[in-house]
Amino acid sequence: MSEATLMFGIGATKAGTSWLHRYLAAHPDCHVRSIKELHFFDTIDKGRQNAQLSALQRNLQKLQRRQKNGDPANAITRAHRMADIEQYSRVLKKGDEAEYLAFLDEGRDGQRLIADITPSYALLSEGRMEKMANMAADVRFVYLLRDPVARLWSHVRMIAKRRTDAGNDIAERAREILERALGGFEVQITNRGDYRGTLERLNAAVDPSRLFLAFYEDLFSNTTIARLCAFLGIANKTADFGKRVHEGVPVELTMAQRGRAAAFLKPQYDYVEASLGQLPAAWEANRVGV
Numbered sequence: 022m023s024e025a026t027l028m029f030g031i032g033a034t035k036a037g038t039s040w041l042h043r044y045l046a047a048h049p050d051c052h053v054r055s056i057k058e059l060h061f062f063d064t065i066d067k068g069r070q071n072a073q074l075s076a077l078q079r080n081l082q083k084l085q086r087r088q089k090n091g092d093p094a095n096a097i098t099r100a101h102r103m104a105d106i107e108q109y110s111r112v113l114k115k116g117d118e119a120e121y122l123a124f125l126d127e128g129r130d131g132q133r134l135i136a137d138i139t140p141s142y143a144l145l146s147e148g149r150m151e152k153m154a155n156m157a158a159d160v161r162f163v164y165l166l167r168d169p170v171a172r173l174w175s176h177v178r179m180i181a182k183r184r185t186d187a188g189n190d191i192a193e194r195a196r197e198i199l200e201r202a203l204g205g206f207e208v209q210i211t212n213r214g215d216y217r218g219t220l221e222r223l224n225a226a227v228d229p230s231r232l233f234l235a236f237y238e239d240l241f242s243n244t245t246i247a248r249l250c251a252f253l254g255i256a257n258k259t260a261d262f263g264k265r266v267h268e269g270v271p272v273e274l275t276m277a278q279r280g281r282a283a284a285f286l287k288p289q290y291d292y293v294e295a296s297l298g299q300l301p302a303a304w305e306a307n308r309v310g311v
């Protein structure tokens, strides 16, 4: 069997990576494990195996409860995911890169592509990215960029939902978290939108011919998907653009908060424009706080 292309989807958070995972998982030329975010390299680099293993165990227990009480129609899918979690937990506990690659490749039946899509990899060091780029004969990186204000607000709403008990006001909690983020707190949210930092590290560590960049606003189109498939060396398979993934609770930003967010994120808009050229219309609108 020929060696597969290894793809790293490194983000950005809330920029379409879950949709991309589903698209590739359903593609006949791709072999993608059922765990979307493996968190291998960030876990190893930060020595956080115990925390990540605990998170995997919680996920496994949740699936086990659903398997016991849930819809039988999804039983096979859940069983597959539970088996993947149990296997990957053993791999992560050892932290061995060869076993990690073997996990990605196991079960491949001639497909051209294997992948790990973990948005937090966007925060990895230049040195780690360079090592990843040399892990196989053919390694590709995919980085999706979403309008900075829209990305931040989507991320904030996701965190607000996690921190809000049933029956409480998610909208109010989201606006509180946004104010904290704009005040320099909640850096785990704002760092995920540091396009400048990620692009500078990528450009230093990765051959430009092995790096695919796209705007989230352009992702859901036949043109971008054709470009992505050509980059990955897989057939151009028709995509379902009607179903989005993890859209979150619909809460509107106030005009005042939108303006403050645009001002806070202006360096990101300016850097991406200088690096990639003309911005999508949605970026231009939010850039001026409209």
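If you read the sequence shown in our numbering, its first letter stands for residue 22, the second for the next number, and so on.
Quick reminder that beta carbons are idealized off the backbone N, C-alpha and C, glycines included.
It should be emphasised that the depicted structure is a prediction, and the values quoted were computed from it without experimental measurement.
Whether or not the region 248–266 and the region 178–192 are in contact is what I'm after, with contact meaning three or more pairs of Cβ atoms, one per stretch, closer than 8 Å; do they touch? no
Which residue's Cα is closest to the Cα of R222: D130, I31, A25 and L27? Within the sequence shown, numbered from 1, the residue matching residue 222 stands at position 201. When each option's Cα is compared against that of R222, the closest is I31.
Rounding to the nearest angstrom, what Cα-Cα distance links G131 and I255 in this structure? Here residue 131 refers to the residue found at position 110 when the sequence shown is read from its first residue. Here residue 255 refers to the residue found at position 234 when the sequence shown is read from its first residue. Cα to Cα, the separation comes out at about 12 Å.
Look at the alpha carbon of L173 and the alpha carbon of L300, and state the distance between them as a whole number of angstroms. Here residue 173 refers to the residue found at position 152 when the sequence shown is read from its first residue. Here residue 300 refers to the residue found at position 279 when the sequence shown is read from its first residue. Their Cα atoms are separated by approximately 17 Å.
Distance CB(L134)-CB(H52) smaller than 9 Å: Position 113 of the sequence shown, counted from the start, is the residue given in the question as residue 134. Position 31 of the sequence shown, counted from the start, is the residue given in the question as residue 52. Against a cut-off of 9 Å, the Cβ pair of H52 and L134 comes out as a contact.
Is the region 144–152 touching the region 284–299, taking contact as three or more C-beta pairs under 8 Å? no
Could you tell me if K35 is buried or exposed, where buried requires 16 or more neighbouring beta carbons within 10 angstroms of its beta carbon? Locating residue 35 in the sequence shown gives position 14, counting from the first residue. K35 comes out buried.
Could you check which residue in R178, Y121 and V177 has the C-alpha nearest to that of A157? For the purposes of this step, residue 157 is taken as residue 136 along the sequence shown, with counting starting at 1. Closest option to A157, Cα to Cα, is Y121.
Relative to the C-alpha of V177, which candidate in D50, A154, E238 and T211 has its C-alpha closest? Mapped onto the sequence shown, residue 177 falls at position 156. Ranking the options by Cα distance to V177, first place goes to T211.
Where in the region 58–129 do unbroken runs of the alpha helix (DSSP H), each at least 4 residues long, occur, reported from the N-terminal end onward? 61–67, 70–90, 96–115 and 118–126
In the DSSP assignment, find the unbroken beta strand (DSSP E) run with Y164 in it and report its ends. Against the sequence shown, residue 164 aligns to sequence position 143. Taken as a continuous stretch (DSSP letters only), the beta strand (DSSP E) holding Y164 covers V160 to L166.
If you count every other CB in all the chains shown that lies within 10 Å of the CB of F61, and 16 or more means buried, which is it? In the sequence shown, the residue the question calls residue 61 occupies position 40. Counting Cβ neighbours within 10 Å, F61 comes out buried, since at least 16 surround it.
Which stretch, first to last residue, makes up the alpha helix (DSSP H) that contains G218? Stepping through the sequence shown from its first residue, residue 218 is reached at position 197. G218 -> alpha helix (DSSP H) spans Y216 to A226.
Using 8 Å as the Cβ pair cut-off and three pairs as the minimum, do the region 107–119 and the region 65–76 touch? yes
Simplified DSSP state of G148, which is helix, strand or coil: For the purposes of this step, residue 148 is identified with residue 127 of the sequence shown, where counting begins at 1. In the structure shown, G148 sits in a helix (DSSP, three-state: H, G or I).
Alpha-carbon to alpha-carbon, A247 and A47: Position 26 of the sequence shown, counting from 1, holds the residue named residue 47. Position 226 of the sequence shown, counting from 1, holds the residue named residue 247. Computed Cα separation, rounded: 16 Å.
Can you tell me the Cα-Cα spacing of S23 and P271, whole angstroms? Reading the sequence shown from its first residue, position 2 is the one you call residue 23. Reading the sequence shown from its first residue, position 250 is the one you call residue 271. Cα-Cα distance, rounded: 46 Å.
Own chain partners of Y44 with C-beta closer than 7 Å, once the 5 adjacent residues on each side are dropped: One-based indexing of the sequence shown puts residue 44 at position 23. For Y44, where only same-chain residues beyond five positions count, the Cβ hits under 7 Å are A260.
Please state whether DSSP places D137 in a helix, a strand or coil. Translated into positions along the sequence shown, residue 137 becomes position 116. Reduced to three states, the DSSP call for D137 is strand.
Reference L274; option with closest CA among R87, D66 and N307: As a first step, residue 274 must be located in the sequence shown, where it is residue number 253. Of the candidates R87, D66 and N307, the one whose C-alpha sits nearest the C-alpha of L274 is N307.
From which residue to which residue does the beta strand (DSSP E) around T26 run? To locate residue 26, count along the sequence shown from 1; it is residue 5. Residues T26 to G30.
Classify F236 as helix, strand or coil using the three-state DSSP reduction. As a working note, residue 236 is residue 215 in the sequence shown. F236 falls in the strand class under three-state DSSP.
Given this structure, state the Cα-to-Cα distance separating R161 from D137, to the nearest angstrom. Numbered from 1 along the sequence shown, position 140 holds the residue referred to as residue 161. Numbered from 1 along the sequence shown, position 116 holds the residue referred to as residue 137. Going from the Cα of R161 to the Cα of D137 covers about 11 Å.
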